[in-house]
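Q: One point on numbering: in my numbering, the residue at position 37 of the sequence shown is 37, and numbering is uninterrupted.
One structure, as structure tokens, below. Some questions next.
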Amino acid sequence: MGVKIIVDSASDITLSYAERNNIGFVPLKTNLGGVEYRDGIDIRPDSFYSKLEANKELAHTSQVNAGEFAECFEKEIAASNEIVVITLSAGLSGTYQSACIAAADYPGKVFVINSLTATAGEQVLIERALILRDEGKTAEEIDTELDALRKKVRLFVRVETLEYLKRGGRISKTSALVGGLLNIKPVLTLNGEGKIETVGKARGIKASHKMMNDSIASCGGIDFSMPVAITYAGNLNDGTVSRYLEDSKNIYGDNANKIRIGQLGCVIGTHTGPGAIVVSFVPKA
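Below, the structure is given as structure tokens:
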């Protein structure tokens, strides 16, 4: 008997990472150009962003359904495991509700956590959950600690292009056009209900990095004793993340080697577009 951690693909962990760490992985779906892909299984970020840029229509994402969760739960319960499920924010997707529906058949054995976050933010919770699991904590104990932690986790997103916010109806065509001409880079966050809010709009990359870092500092700075994660919507070798970290030495100091860095996947990337950077952490305060 043990504890099985199950996560959705909006966490943007890779399948290989999930397998190495004995994590259950359930994919959301992305429909792009009339083709449905299982996120993280049928399509990975490098090919996704090239397809996204080539496709002029709005891509769509769909949640994990209750039946898919039920299949995972049945297998783990049969193996006498307890289960902790970490889903992306219920304010962004119905995936959390699907997991709750499936978990209703296993009272006291399956604990479902609405992370109130996504992508790098989910990774912060996942990393902490793995530590607690390996310390021998029960599923209920892990659930209790993550319930408190999820309310502390902060997440900020710097968007490179306004095109995909326009496609999703979050800004008007006129705002996108003017913003593009002015080289506007919005900075977004997730509020206490796990819903998107705008922090501000910076003009240019360097100014957007400063706005991100001012937002981080306003939270009290980063607690590097806890997991810290960055996800990027593009090729990790193109220098964008390195440039951000170079512009952010006042925030990260000598702690860059403590950051988990990965690619922003299809689910959130559908709405941010390529070039976006997401930072998530637990504040010192």
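Quick reminder that beta carbons are idealized off the backbone N, C-alpha and C, glycines included.
Could you give the residue range of the beta strand (DSSP E) that holds R260?
A: I259 to Q263
Q: Can you give me the start and stop residues for the beta strand (DSSP E) that N31 sits inside?
A: K29 to L32
Q: Can you give me the C-alpha to C-alpha distance between P27 and G265, rounded to a whole angstrom?
A: 11 Å
Q: Grab the span of the beta strand (DSSP E) containing V84 for me, first residue to last.
A: E82 to T87
Q: Terminal residues of the continuous alpha helix (DSSP H) containing N363?
A: Here the chain comprises residues numbered 1 to 285, so residue 363 is not present and cannot be evaluated.
Q: Does the separation of the CB atoms of V153 and T117 fall below 8 Å?
A: yes
Q: Looking at A139 and E82, is the spacing between their C-beta atoms short of 8 Å?
A: yes
Q: Tell me which residues share the same chain as K284 and place their Cβ nearer than 6 Å to its Cβ, disregarding the 5 neighbours each side in the sequence.
A: G220, G221 and D223
Q: If you compare alpha carbons, which of S16, S98 and G239 is closest to S62?
A: S98
Q: Return the Cβ separation of N213 and S242 in integer angstroms, given the expectation that the two are a contact with Cβ distance under 8 Å.
A: With 8 Å as the limit, N213 and S242 do not qualify as a contact, their Cβ atoms being about 15 Å apart.
Q: With a CB to CB cut of under 8 Å and the five nearest residues on each side skipped, what residues in its chain are close to Y252?
A: I222, L245 and I259
Q: Going by beta-carbon coordinates alone, are L92 and A59 separated by less than 8 Å?
A: no
Q: Kindly give me the distance between the Cβ atoms of T144 and V278, rounded to whole angstroms, as I take these residues to be in contact under 8 Å.
A: So it is not a contact: roughly 27 Å between Cβ atoms.
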